[in-house]
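Student: Below: one structure in structure tokens.
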Amino acid sequence: MSHNRDEEYSKFVPHKLSYYVAPGSEFQCKLPKSQHCGRKLSTIDEQDHDAANRRGMINQVLATCAVLLLSAGCGMPIGYSAVLLPQLSANSTEIPITVSTGSWIASVHSLATPIGSLMSGPLADYLGRRKTLLVSVIPLFLGWCTMAMSHSVKALIFARFLCGFATGILGGPGQVYIAETAEPNLRSLLIGAPYVAYSCGILLVYSLGTMLYWRTVAWCANILPALAVVAIICIPETPAWLLRNGHEKRALQALTFLRGSEIGAQKELNDMRQRLDKERATTRTNENIFTLCCQRVAVKPLFIVIVFSLLQMFSGTFIVIFYAMDIVSEFGEGFDTKHAAIWTAAVRVICCMIFCGILLFVRRRLIMILSGIGSGLFCLALSVFLYMRVGQPKMPYDVLVAGGCLLGYIVFNTALMVMPGIMIGELFPARIRGRTAGGVFASMNVALFIFAKFFPSLQTWLKMRGVFLVFAVSSFLLTLFMCLFQPETKGRSLEHIEDYFNGNNWLWFKRDRGYKSVKLMPLQPLKEDNKALNSAEHA
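Shown next as structure tokens:
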């Protein structure tokens with residue numbers, strides 16, 4: 000009987016890891032057939048498991064921080080136009096610019112990002128997520144160096160293009176790396192962290208722009224990518240990519256590092272292998288990416304992410320970043336627009352940090368619904384106030400009211416800025432996650448380039464009051480769309496989410512009611528089995 004129990008237990012725990020057998024554990028198994036039987040783990044073993052869990056969590060956070068350094072470095076060129084354009088306008092003799100050339104300098108970053116995003120998918124699948132992150136540093140270095148040495152508008156545009164290209168390469172693989180290395184209970188926190196890093200990069204470049212010349216800012220911007228290279232070299236490739244490319248031994252090593260225990264890593268690797276074998280058995284070898292994207296499991300998340308991203312864009316998320324100082328200058332006179340822009344960036348950083356913490360406790364759908372409603376209400380209030388002040392002389396309270404509405408909008412809109420990256424990391428099926436992430440980032444940035452390029456013309460036509468009215472309408476439409484289509488992903492594994500999209504449902508309220516939230520904890524089965532065995536022994 001003891002031999003049978005040992006054989007059953009060996010299916011779950013490798014033989015090479017031994018455990019202390021507590022006295023009195025030789026008992027007849029009285030558990031249901033659905034549960035496996037095994038030896039009782041001692042208190043020492045449970046402490047080892049807890050220590051392994053903590054070690055794994057620390058390693059996951061450290062791996063994410065390496066990606067965040069690069070994300071912050073790529074966040075700096077996003078906000079750099081808000082520093083560069085005012086300084087060039089104030090000193091027109093060095094590099095003369097017009098409204099048209101200024102809009103090109105601001106928007107070309109978004110034109111280059113889709114090109115990098117399209118390349119990032121094949122690179123992430125061929126080279127791996129980690130090596131693709133390292134590749135993105137090369138154009139980022141070249142872009143900042145070119146920026147610092149530019150003496151013409153064309154050189155500035157080319158430098159901005161290189162920085163945008165680097166941001167495009169980073170975006171998809173960065174989110175996928177975090178999604179594939181983090182456990183479900185940590186993924187909520189870590190997968191939103193790149194947007195905290197982006198916001199920190201924007202805040203950093205705004206702050207440097209108030210103190211330093213724009214060329215000096217460009218040279219300083221190379222520090223973060225250099226640190227990121229050192230950090231990324233020290234982290235492992237994602238286990239999912241390694242397993243899919245035949246590196247099973249390296250996948251186990253990476254999982255052991257990320258989970259802190261070879262027991263949990265071996266079990267998770269076995270589950271991943273079984274799912275991969277099943278997927279390959281049902282997938283034709285000649286299916287290309289377009290055929291795969293037309294399958295039900297991919298069409299639904301693609302539809303949700305693309306529509307959400309477009310509505311988020313028209314709610315003004317990135318326009319406020321690109322043209323922060325120009326927007327703030329519309330609210331009144333007699334204050335420093337540079338410091339006002341810094342405050343908007345600082346509020347966004349704080350809100351990103353708070354939002355990542357909220358993700359651990361609050362459901363995704365509720366967050367997005369509240370964020371959409373809050374963004375729409377503050378934009379609507381600001382638009383109504385600006386309409387009421389048309390033709391009226393500027394008053395001191397204009398800045399307070401308008402600035403308060405803008406900060407309120409940023410507080411709620413920050414969640415909408417973060418969600419597309421989270422959705423890309425969570426919703427797409429594993430077999431196309433790398434390639435579709437790059438394609439979606441590309442389409443998002445093409446639309447953002449068009450919007451950013453023509454924003455000055457839109458502002459001239461609608462005025463700032465009309466622009467914020469457009470932002471409000473888009474925010475309300477986004478809220479309605481999320482209520483209808485967005486599934487709840489908090490506490491669910493990536494495989495569980497993929498199974499949801501394999502169903503026949505499109506609308507959330509028509510979902511299978513069996514799709515319930517499951518809070519997953521690392522190595523939980525071991526503890527549950529130990530409790531069950533204790534109960535059986537007492538019985």
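Under numbering that gives the first Met the number 0, the first residue of the sequence shown carries the number 0, and numbering increases by one thereafter. Built from N, CA and C at the ideal position, the CB exists for glycine as well. None of these values were measured; they are calculated from a predicted model.
I'd like to know if the stretch 125–138 and the stretch 171–179 are in contact, where contact means that at least 3 CB-CB pairs between them fall below 8 Å.
Tutor: Output reads yes: the stretch 171–179 touches the stretch 125–138.
Student: TRP240 lies in the alpha helix (DSSP H); which residues open and close that run?
Tutor: That run of the alpha helix (DSSP H) goes 238–243.
Student: So, using beta-carbon positions, are LEU169 and CYS73 closer together than 8 Å?
Tutor: Cβ atoms of LEU169 and CYS73: closer than 8 Å.
Student: Just verifying my parser: in three-state terms, what is the DSSP assignment at ARG491?
Tutor: It is coil, neither helix nor strand.
Student: State the Cα-Cα distance for the pair ARG38 and VAL60, rounded to the nearest angstrom.
Tutor: Bear in mind that the predicted position of ARG38 carries a pLDDT of just 43, short of 50, making it unreliable; the figure below should be weighed with that in mind. Rounded to whole angstroms, ARG38 to VAL60 spans 33 Å at the Cα level.
Student: Pick out whichever of ARG295, PHE454, LEU476, ILE137 has its Cα sitting closest to the Cα of VAL466.
Tutor: Measuring from the Cα of VAL466, the nearest candidate turns out to be PHE454.
Student: What residue range does the alpha helix (DSSP H) around ASN221 cover?
Tutor: From DSSP, ASN221 is part of no alpha helix (DSSP H); its letter is neither H nor E.
Student: How big is the Cα-Cα spacing for ALA147 and GLY208?
Tutor: Cα to Cα, the separation comes out at about 13 Å.
Student: Does the contact criterion of 3 or more C-beta pairs under 8 Å hold for the stretch 461–478 versus the stretch 359–377?
Tutor: Contact between the stretch 461–478 and the stretch 359–377 is present, because at least three Cβ pairs lie under 8 Å.
Student: How do the stretch 264–282 and the stretch 240–249 stand: do at least 3 beta-carbon pairs fall below 8 Å, yes or no?
Tutor: The stretch 264–282, when compared against the stretch 240–249, does touch it at the 8 Å Cβ threshold.
Student: Within 10 Å of its beta-carbon, does GLY356 have 16 or more other beta-carbons around it, so buried, or fewer, so exposed?
Tutor: Exposed.
Student: Quick check: the Cα distance between ILE262 and THR255, rounded to an integer number of angstroms?
Tutor: Their backbone Cα atoms lie some 8 Å apart in a straight line.
Student: Cα-Cα, which of SER116, ILE57, TRP218, THR97 is closest to PRO76?
Tutor: Out of SER116, ILE57, TRP218, THR97, TRP218 has the C-alpha closest to the C-alpha of PRO76.
Student: Looking at the structure shown, is ASN52 part of a helix, part of a strand, or coil, going by DSSP?
Tutor: Residue state, collapsed to three classes: helix.
Student: Using 10 angstroms around the beta-carbon of VAL517, count the other beta-carbons present and answer buried if the total reaches 16, otherwise exposed.
Tutor: Since pLDDT at VAL517 reaches only 43, below the 50 mark, its modelled position is unreliable, and the value read off the structure follows with that caveat. Burial call: exposed.
Student: With H, G and I counted as helix, E and B as strand and the rest as coil, what does DSSP make of TRP505?
Tutor: The answer is coil: DSSP assigns TRP505 none of H, G, I, E or B.
Student: Count the CB pairs spanning the stretch 86–94 and the stretch 131–146 that are closer than 8 Å, and state whether there are at least three.
Tutor: At 8 Å Cβ cutoff, the stretches do not touch.
Student: Can you check which of these residues, MET443, ILE421, VAL383, is closest to PRO486 by C-alpha distance?
Tutor: Measuring from the Cα of PRO486, the nearest candidate turns out to be ILE421.
Student: So the alpha helix (DSSP H) PRO428 belongs to, where does it begin and stop?
Tutor: It is not in any alpha helix (DSSP H) - PRO428 carries neither H nor E in the DSSP assignment.
Student: Hey, how far is the Cα of GLY120 from the Cα of ILE114?
Tutor: Roughly 11 Å separates the two Cα atoms.
Student: Nearest CA to the CA of PHE480: which residue from LEU447, MET463, ARG464, LEU506?
Tutor: Ranking the options by Cα distance to PHE480, first place goes to LEU506.
Student: Could you check the C-alpha separation between HIS108 and GLY163 for me, to the nearest Å?
Tutor: Taking the straight line joining both Cα atoms gives about 4 Å.
Student: According to the neighbour-count rule (16 or more other Cβ atoms, all chains shown, within 10 Å of its Cβ), is PHE317 buried or exposed?
Tutor: So PHE317 ends up on the buried side.
Student: Who are the Cβ neighbours of ALA158 in its own chain at under 7 Å, not counting the five residues just before and after it?
Tutor: Counting only Cβ-Cβ distances below 7 Å, and skipping sequence neighbours, we find GLY142, THR145, MET146, SER149.
Student: I'd like the list of long-range same chain contacts for LEU133, defined as Cβ closer than 7 Å, with 5 residues on each side in sequence excluded.
Tutor: Here the set comprises VAL228, ILE231.
Student: Taking GLY142 as part of the alpha helix (DSSP H), name the residues at either end of that continuous run.
Tutor: Here the alpha helix (DSSP H) through GLY142 covers 128–147.
Student: Can you tell me the Cβ-Cβ gap for GLY438 and LEU117, rounded? I've got them flagged as a contact below 8 Å.
Tutor: GLY438 to LEU117, Cβ: 6 Å. Contact.
Student: Give me the Cα-Cα distance between ASN412 and LYS248, rounded to the nearest whole angstrom.
Tutor: Approximately 43 Å, taken between the alpha carbons.
Student: Grouping DSSP H, G and I as helix and E and B as strand, with all else coil, what is ASP124?
Tutor: Reduced to three states, the DSSP call for ASP124 is helix.
Student: Tell me whether LEU301 is buried or exposed, calling it buried when 16 or more other Cβ atoms sit within 10 Å of its Cβ.
Tutor: Per the 10 Å Cβ criterion, buried.
Student: Evaluate ASN444 with the Cβ neighbour count: other Cβ atoms within 10 Å of its Cβ, from every protein chain shown; 16 or more gives buried, anything less gives exposed.
Tutor: With 16 or more Cβ atoms within 10 Å of its Cβ, ASN444 is classed as buried.
Student: Classify GLY438 as helix, strand or coil using the three-state DSSP reduction.
Tutor: Helix.
Student: Rounded to whole angstroms, how far is the Cβ of VAL304 from the Cβ of LEU426, which I believe are closer than 8 Å?
Tutor: Confirmed, about 6 Å.
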